[in-house]
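Residue numbers for the sequence shown, in this note's numbering: 210 to 586. Even glycine gets a Cβ: it sits at the ideal position worked out from N, Cα and C. The model shown is predicted, which means the values in this text are computed figures rather than measured ones.
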Amino acid sequence: MKEMMVGSVAPVGPVGRWGAAPPQELLERMKDYGQEGAFALWDELSPEDRDLLVRDIESLDLSRIDRIIRRSMGSQGGYLAPAEPVPESSVSRVEERSPEDKERWWKKGLRAISEGKLAVVLLAGGQGTRLGSSDPKGCFSIGLPSGKSLFQLQAERILCIQKLAAQSSDSPRNTLPIHWYIMTSPFTDDVTRKFFESRKYFGLEADQVTFFQQGTLPCVSDDGRFIMETPYKVAKAPDGNGGVYAALKSKKLLDDMSSRGVKYVDCYGVDNVLVRVADPTFLGYFIEKGVSSAAKVVRKAYPQENVGVFVQRGRGGPLSVVEYSEMDAAMTTEINQSTGRLRYCWSNVCLHMFSLEFLNQVANSLEKDSVFFAYVS
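Laid out in structure tokens, this is it:
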């Protein structure tokens with residue numbers, strides 16, 4: 210007869226540091242948020258994979274994520290005020306302004322730039338999948354004879370504006386460089402950094418360019434449950450261009466801007482070959498009007514054009530953007546009887562100007578008001 214130790218149990222398989230069950234405290238927290246399903250395959254995981262799963266979940270800000278999920282799913286009920294068209298009077302058309310106005314704005318903008326009051330934020334987290342490339346969009350060459358990438362075109366624009374600002378300044382040697390903050394994503398960060406390094410920052414100083422990653426959020430099902438990328442990893446995706454506010458705050462870049470004397474921030478999307486980065490005219494207009502935020506817009510060309518448009522939430526209410534996927538046929542084709550043009554016509558082309566004070570206000574208030582939408586085409 211074989212000897213046996215009283216009370217011993219033959220192990221079924223490797224248990225690992227966490228034992229046969231997930232950490233109790235973490236499991237209870239996940240139950241509180243209705244996400245305990247992430248542990249559904251725990252018994253089938255190796256000790257190493259269990260450790261990966263625990264670390265992955267512990268890296269999540271569960272209370273914030275739960276708040277975002279609940280608010281975003283609750284918003285489907287339509288708590289937002291009805292969309293109203295932006296009045297024609299709210300839009301200033303540059304081509305209709307006098308040469309004196311435009312020259313005044315240009316000089317005012319150049320002066321602010323020369324004094325280091327403008328920073329530029331580039332939204333460059335996306336990959337060029339629609340362009341047939343997995344590289345960051347900014348690395349893409351659009352077929353110009355020069356072969357220049359979007360990143361290079363925009364960097365050279367900054368160099369040009371810096372030169373013009375110095376020439377217009379009473380103290381050219383004291384002109385400060387434009388600081389360029391480039392928001393990447395986990396999918397584009399490493400490639401973007403290496404692209405700039407290998408090309409010596411396209412003539413810019415390396416210390417005037419700051420890279421930072423946008424955040425990610427767990428992917429969830431229609432009922433708000435985490436989707437698993439693997440049995441030991443929650444699926445995540447970048448939190449979109451709207452993640453720029455939280456990213457700037459969490460990386461302490463708003464403080465960095467303040468320490469540099471920045472007052473205004475030009476923010477734009479990378480996939481725009483015609484963008485006038487650090488546009489002095491736009492900046493001068495913005496400063497003169499004394500507003501906290503502004504946007505360049507383009508009149509929508511035809512009803513079916515796939516662009517989001519600016520609207521007012523309620524008559525005289527705050528501005529927001531309605532994406533083309535949210536617009537029904539009536540809204541898309543409605544005509545303004547006084548102009549004969551589309552009633553909802555001012556396209557959002559991701560060209561914004563903000564005051565630094567406004568960005569701080571948004572970043573500080575965003576946590577309690579975050580709403581995210583995802584669309585599947």
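Rounded to whole angstroms, the Cβ separation of residue 516 and residue 529 is 15 Å, and the two are not in contact under 8 Å. In this structure, DSSP gives residue 417 a helical state, which the three-state scheme calls helix.
Residue burial annotation: residue 353 is exposed, with fewer than 16 other C-beta atoms found within 10 angstroms of its C-beta. Residue 439 is bridged by DSSP to 442. Closest option to residue 421, judged by alpha-carbon separation, among 507, 465 and 574: 465.
Exclusion of the five residues before and after residue 508 leaves 554 as the residues of its chain whose Cβ lies within less than 6 Å of its Cβ. Here residue 468 is exposed. Its C-beta has fewer than 16 other C-beta atoms within 10 Å. Beta-bridge analysis with DSSP links residue 274 to no other residue. Taking the Cα positions, residue 495 is about 13 Å away from residue 476. Residue environment: residue 489 is assigned as buried (16 or more neighbouring CB atoms within 10 Å of its CB, all protein chains considered). Here residue 423 carries a coil assignment [DSSP, helix/strand/coil]. Residue environment for residue 511: exposed (fewer than 16 other C-beta atoms within 10 angstroms of its C-beta).
Put simply, the backbone Cα of residue 562 is about 35 Å away from that of residue 431. By the 16-neighbour rule on beta-carbons within 10 angstroms, residue 244 is buried. With fewer than three CB-CB distances shorter than 8 Å, the stretch 529-546 does not count as touching the stretch 437-444. The C-beta of residue 369 has fewer than 16 other C-beta atoms within 10 Å across all chains shown, which makes the residue exposed. Put simply, of 435, 415, 505 and 575 the residue whose alpha carbon is nearest the alpha carbon of residue 301 is 505. Where residue 404 is concerned, the enclosing alpha helix (DSSP H) starts and stops at 398-407. Residue state for residue 293 is assigned as strand, using DSSP reduced to three classes. Secondary structure within the stretch 459-502: the beta strand (DSSP E) runs of 3 or more consecutive residues, fully enclosed, are 473-478 (chain order). Under the rule that a run must span 4 or more residues, the alpha helix (DSSP H) segments found entirely inside the stretch 552-579 read 565-578. Put simply, the backbone Cα of residue 341 is about 43 Å away from that of residue 310. The residues 248 and 251, in chain order, have a CB closer than 6 Å to that of residue 231 in the same chain once the five nearest residues on each side in sequence are set aside. Boundaries of the beta strand (DSSP E) harbouring residue 332: 327-332, taken from the DSSP string. For the 8 Å CB-CB criterion, residue 405 and residue 418 form a contact. Nearest neighbour of residue 399 by Cα position, chosen from 425, 331, 295 and 344, turns out to be 344.
Listed as beta-bridge partners of residue 550 by DSSP are 545.
Residue 360: member of the alpha helix (DSSP H) spanning 359-377, first to last residue. When the five nearest sequence neighbours on each side are left out, the beta carbons in the same chain lying within less than 7 Å of the beta carbon of residue 437 are those of 247, 443 and 444, in order along the chain. By the Cβ neighbour-count rule, residue 241 is exposed, with fewer than 16 other Cβ atoms within 10 Å of its own. When DSSP states are grouped into helix, strand and coil, residue 229 belongs to the coil group.
With a 10 Å radius around the Cβ and a threshold of 16 neighbouring Cβ atoms, residue 318 comes out buried.
The way I'd put it, the stretch 540-557 doesn't touch the stretch 452-460; fewer than three beta-carbon pairs between them come closer than 8 Å.
Secondary structure note for residue 529: its beta strand (DSSP E) is the uninterrupted segment 528-531. Distance from the CA of residue 572 to the CA of residue 449, rounded to the nearest whole angstrom, comes to 15 Å.
Straight through space, the alpha carbons of residue 282 and residue 293 are spaced by roughly 23 Å.
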